[in-house]
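K.L.:
Dropping a structure here in structure tokens format, bear with me for questions.
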Amino acid sequence: MKKKIFIAIIILTGILLAASVIPGNPLYNVNWALFSPVIIGLAMAAFFWRFEQSGATSKEIALIATMAALAAVSRIPFAAIMSVQPTTFIVMITGYVFGAQTGFMVGAIAALVSNFFLGQGPWTPWQMYCWGLCGVSAALLARVQKGFKLNTFAILAGFWGYLFGWIMNVWHWVGFVYPLTLETFIATYIASFPFDTLHAAGNVVFTILLGKSFYQVLMRFKNRLLVVFEEVKQ
Amino acid sequence: MLAYREKENLIHKLHPLAAVAYITVIILLALLFSHPVYLLGLLLAVGTVIIASGNYREWKPYLLISLGLITVIMLVNAVFVQAGSTVLFNGPRVPVLGKIRITLEAICYGIGMGIRLLVITSVFCFYTYAVHPDKVLKLFSRFGNKSVLAVTLSTRLFPLMIRDVRRITEVQRCRGVKLDTGSRWQRVKNRLPVINVLLLSSLERSWQMAESMQARGYGSGKRTCYTRDLLRPGDYLILFAAVLSLITGIWAARQGWSAYTYYPRLESFKLGELKMAMIIMLALTVPAMLGWGWKKWPLLKSRI
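If you read the protein sequences in the order shown, they are chains A and B. This note's numbering applies: residue 46 is where the first sequence begins, and numbers increase by one. This note's numbering applies: residue 419 is where the second sequence begins, and numbers increase by one.
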């Protein structure tokens, strides 16, 4: 049942996307500023739906809430010194240790909650989606390697500095730039390049400085979280 | 801590459904319309409602920041967009951009988009300062109570952790760690233990939180509800006004009245097509009117 709804959401997203580029139907060439949040919303609904169905225990919910609040709060002690913050790194390391579902939830909730305090805006769903995907991608990386490898994690973190900006640019581009041509697209991306570089550099620095210790602390917590019942043979 | 402050007026006491419906309708209409007069109508409506909710002081910085952004959008648009037939300025050739050619149409398009941006930032300002986030979350908990619980817990933990950060930094200062002097790199390095300690103590707290949830029987049966928000006549009126303006807006968009062609030459305003803007604006100021009535007449206050 839950698999079916998940697949249904993916198919619906695909159909909507296809309908907007294939001529000859009512959705062709729709208002993209209106249409893109719908797509993002559907993609996030799929993740949230999976989480609702997953039978998460009180411990997992408390963990997700805590890590999301930590990622949101970590913007503050460093805000006074520089414009980079360890939020992306914290979301990624959580996803790396606890898996894709927890990673996505932590990223999405961190964006939502920090915006309760910094101010909500049309950027909220996009940030939720971007940070959610940060957690998911780190979880996928954890599947292909054992333990914590600083190099690969730092590369992924640095890459996300750029990808985050690139996804956010899509929103900016479809919402406020006209005409939607290749030139304006490239101009938008060039304009965001310095900010993305700063973000990427910050992610790499935080990975190098905090990566190992965060991994160990979270790993130990994960081991405490797992309770395995074994029958005693007599 | 929370940006929201409870204020004594009708708009702050609305049912979250009415407030969220009102905000959604405005965002949808702002993205649907491209006619500057229609967008201006929306802006006036949102502005009146924000002032009626007593949040003018909070709205001001939003206006200032958006005005800065609008200037940037206008400049970028004027420089990069070569479409438009009324040339105001023919500039020299620039290596990457090509020939600079500033047209009236591109500037007007920038202004139109600027008004749209202003409507959207204003309506989010309204959401941030006039709608209680917990009430909205409760509205959504019907669909997914686990996610909503995680968000609520996280919102509660946020101020707590900020207090933790302050406490830990103070302890570090007492121990002689230099957090405010020294090179930038040194300061960053000295602040890192704060995050590490915060991680450890919050994980410990999350464990306790989970155990207390368990002890209170979380997830042991069907969820119960402690408080329930009532939909009062005022909420119905606002819901009705929002739906009415959405229908009028969609109808006007289908007629092509709310669209506006900027390129290649500015279109002239047709008075007949603008009457719908008036209706939408009036319908969307209903919360402000009710709010003023609520303050003036105790009888109305008791009825809605």
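Where is the CB? At the ideal position from N, CA and C, for every residue including glycine. These numbers come from a predicted model, not from an experiment.
Compare the C-beta of Ala107(A) with all C-beta atoms of chain B and state if any pair is closer than 8 Å.
P.N.:
Yes, contact with chain B.
K.L.:
Which whole-angstrom value describes the C-beta separation of Ile369(B) and Trp712(B), a residue pair presumed to lie in contact below a C-beta threshold of 8 Å?
P.N.:
Because chain B in this structure spans residues 419 to 722, residue 369(B) falls outside the shown range and cannot be described.
K.L.:
Where does Arg609(B) land, buried or exposed, given buried means 16+ other C-beta within 10 angstroms?
P.N.:
Arg609(B) should be labelled buried.
K.L.:
Can a CB atom of chain B be found closer than 8 Å to the CB of Leu115(A)?
P.N.:
Yes, because at least one Cβ of chain B sits closer than 8 Å to the Cβ of Leu115(A).
K.L.:
Residues of chain B with a CB under 8 Å from the CB of Ala78(A): which are they?
P.N.:
Correct list: Leu449.
K.L.:
Which bits of chain A does Gln632(B) rub up against, with CB to CB less than 7 Å?
P.N.:
Within chain A, the residues near Gln632(B) are Ser103.
K.L.:
Where do the ends of the beta strand (DSSP E) carrying Asn508(B) lie?
P.N.:
Per DSSP, Asn508(B) belongs to the beta strand (DSSP E) from 505 to 512.
K.L.:
Roughly how many angstroms separate the alpha carbons of Gly140(A) and Trp176(A), rounded to a whole number?
P.N.:
About 10 Å.
K.L.:
The alpha helix (DSSP H) that contains Thr570(B), what's its start and end?
P.N.:
Element bounds for Thr570(B): 563 to 592.
K.L.:
Where do the ends of the alpha helix (DSSP H) carrying Phe687(B) lie?
P.N.:
Phe687(B) -> no alpha helix (DSSP H), and no H or E assigned at all.
K.L.:
Quick one: grab the DSSP three-state call for Thr521(B).
P.N.:
Strand, per DSSP.
K.L.:
For His433(B), name the three-state secondary structure that DSSP assigns.
P.N.:
Coil, per DSSP.
K.L.:
Where does Cys643(B) sit, in a helix, a strand or coil, going by DSSP?
P.N.:
Correct three-state label for Cys643(B): coil.
K.L.:
Under 7 Å Cβ-Cβ, which residues of chain A neighbour Ala628(B)?
P.N.:
What Ala628(B) touches in chain A: Ser103, Lys104, Ala107.
K.L.:
Got a sec: is the Cβ-Cβ distance from Met579(B) to anything in chain A below 8 Å?
P.N.:
Met579(B) counts as touching chain A.
K.L.:
Below 8 Å CB to CB, which residues in the same chain sit around Arg591(B) once its five sequence neighbours on both sides are set aside?
P.N.:
Counting only Cβ-Cβ distances below 8 Å, and skipping sequence neighbours, we find Leu597.
K.L.:
Using C-beta distances below 8 Å, list every residue in its chain close to Ser663(B), excluding the 5 sequence neighbours before and after it, in chain order.
P.N.:
Cβ neighbours of Ser663(B) beyond the five flanking positions: Val443, Leu447, Ile697, Ile698, Ala701, Leu702.
K.L.:
Output needed for Ala153(A): all residues of its chain with C-beta closer than 6 Å, excluding positions within five of it in sequence on either side, in chain order.
P.N.:
Correct list, in chain order: Met173, Gly177.
K.L.:
Could you check the C-alpha separation between Leu225(A) and Trp216(A) for me, to the nearest Å?
P.N.:
Using only the alpha carbons, I get a separation of about 12 Å.
K.L.:
Apart from the five residues on each side of it in sequence, which residues of its chain come closer than 8 Å, Cβ to Cβ, to Asn427(B)?
P.N.:
Excluding positions up to five away in sequence, the list reads Ala470, Ser471, Gly472, Gly709, Trp712, Lys713.
K.L.:
Output yes or no for whether 8 Å exceeds the beta carbon distance between Val129(A) and Gly210(A).
P.N.:
No.
K.L.:
Is the CB-CB distance between Ala199(A) and Val142(A) below 8 Å?
P.N.:
The answer is no: Cβ separation not under 8 Å.
K.L.:
Mind pulling the beta strand (DSSP E) runs of 3 or more residues that sit fully within the region 189 to 214 of chain A?
P.N.:
The region 189 to 214 of chain A contains no whole beta strand (DSSP E) run of 3 or more residues.
K.L.:
Along chain B, in chain order, which residues have C-beta atoms closer than 8 Å to that of Met150(A)?
P.N.:
Result: Ser565, Ala568.
K.L.:
Express the C-alpha separation of Arg646(B) and Met655(B) in angstroms, rounding to a whole number.
P.N.:
Note that residue 655(B) is Leu in the sequence shown here, rather than Met. Going by the C-alpha atoms only, they are around 20 Å apart.
K.L.:
If we define contact as Cβ-Cβ less than 8 Å, is Ile56(A) a contact residue for chain B?
P.N.:
With 8 Å as the cut-off, Ile56(A) does not count as an interface residue toward chain B.
K.L.:
Do the CB positions of Ala695(B) and Tyr440(B) come within less than 8 Å of each other?
P.N.:
Against a cut-off of 8 Å, the Cβ pair of Tyr440(B) and Ala695(B) comes out as no contact.
K.L.:
Rounded to the nearest angstrom, what separates Ile525(B) and Val118(A) at their Cα positions?
P.N.:
So the alpha carbons of these two residues sit roughly 41 Å apart.
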